[in-house]
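Its first residue numbered 19, the sequence shown is counted upward by one per residue in my numbering.
Glycine is no exception: its CB is placed at the ideal position from the N, C-alpha and C atoms.
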Amino acid sequence: MTPSSGSDGRLSFQVFTGQDFALANNAVLIAGQQEAVLIDTCLVLSDAARLVAMVRASGKTLKAVYITHAHPDHYFGNGTVQEAFPAARFFARPGVIDFMQEYRAKIVHWREMYADEMPRSIPMPEPLAGKHALLEGQEIRFVDLPVCETVHATAFYVPSEKAIIAGDLVYSGMHHYIADTNHPDSWIDALNVVRRLGPIERVFPGHGPVGGPELLDASEKWLNDYRDVARPGVRFVDVAGAKEIGVPPALLGGS
């Protein structure tokens with residue numbers, strides 16, 4: 019998929035979307051006049067190379083990379099990015115790092131599908147401390163989320179731009195990955211944490227197109243619909259086949 023960009027105000031945002039076969043995650047470059055930070059990387063080496071090219075083309079000095087959570091499509095590209103930008107520091111909350119330590123087993127698992135597109139090793143980030151960072155004087159606030167798509171996750175709020183880089187808290191226009199936690203109530207709590215941060219005009223989801231606060235509402239609706247159909251005793255195939263959940267029929271053996 020093609021990188022897309024948009025900007026206004028004092029900071030700008032550029033979104034890189036991975037290839038469909040590699041889970042099409044979003045990584046977000048936040049840039050000032052001279053410097054930039056990156057939120058997340060990607061799954062496969064070819065996407066990581068494209069991400070590096072996008073950052074280089076921005077002309078900004080990459081100062082830091084922040085990882086939202088420990089799913090491979092958001093951090094397996096760390097080594098490629100670190101090699102390209104050795105001065106950039108990598109950060110994640112300690113709970114995220116704990117889960118990232120399992121990467122060796124995950125590489126073995128994913129190599130069956132992606133072969134040479136998998137990295138051989140992945141450098142671990144430094145523990146992310148504090149409540150915010152500054153990029154050319156503008157705040158990037160760290161938002162620790164309740165259990166949502168995964169157990170440990172961080173979103174990043176940019177008050178000056180009324181923007182939230184949500185990671186996989188938000189999916190835009192697609193089925194949500196709920197298998198890790200199966201906890202829609204807590205996930206909705208996490209959406210409300212973000213809503214309380216302050217004004218939000220732009221939402222950068224972990225997967226799917228960028229939008230506004232309506233993406234928060236759409237994710238909440240999906241989770242409520244899931245909770246309504248995923249009742250005790252209902253077969254998984256019936257849950258997945260419910261039209262409210264939106265699993266593509268092809269994945270269920272249909273057309």
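Residue 37 in three-state terms, based on DSSP: coil
Alpha-carbon to alpha-carbon, residue 169 and residue 270: Residue confidence is low: residue 270 scores 39 on pLDDT, short of 50, so the model does not pin down where it sits. Its coordinate-derived value is still stated next. Residue 169 has its alpha-carbon roughly 27 Å from the corresponding atom of residue 270.
Residue 38 to residue 73 span [Cα, whole Å]: 20 Å
Buried or exposed (CB count within 10 angstroms, at least 16 for buried), residue 224: buried
Three-state secondary structure (DSSP) of residue 93: In the three-state scheme derived from DSSP, where H, G and I count as helix and E and B as strand, residue 93 is classed as coil.
Residue 214 burial status per 10 Å Cβ neighbour count (16 or more: buried): Burial call: exposed.
Segments of 4+ residues assigned as alpha helix (DSSP H) that fall wholly inside the stretch 164-216: 202-213
Candidates 90, 152, 76: closest to residue 122 by CA position: Selected option, being the one with the closest Cα: 90.
Residue 219, DSSP secondary structure in three states: coil
Inter-residue Cα distance where the pair is residue 137 and residue 46: 21 Å
DSSP three-state assignment for residue 249, whether helix, strand or coil: In this structure, DSSP gives residue 249 a state outside helix and strand, which the three-state scheme calls coil.
Residue 186 classed as buried or exposed, judged by whether at least 16 other C-beta atoms fall within 10 angstroms: buried
Three-state secondary structure (DSSP) of residue 134: helix
Collapsed DSSP secondary structure at residue 23 in the structure displayed: In this prediction, residue 23 has a pLDDT of 41, which is less than 50 and means its spatial position is unreliable; what the coordinates show is noted afterwards. In the structure shown, residue 23 sits in a strand (DSSP, three-state: E or B).
Span separating the alpha-carbon of residue 219 from that of residue 102: 33 Å
CB-CB length for residue 234 against residue 221, believed under 8 Å: 6 Å
Neighbour-count burial assignment, residue 154, 16 or more Cβ in a 10 Å radius: exposed
Residue 161, enclosing beta strand (DSSP E) - first and last residue: Residue 161: member of the beta strand (DSSP E) spanning 156-162, first to last residue.
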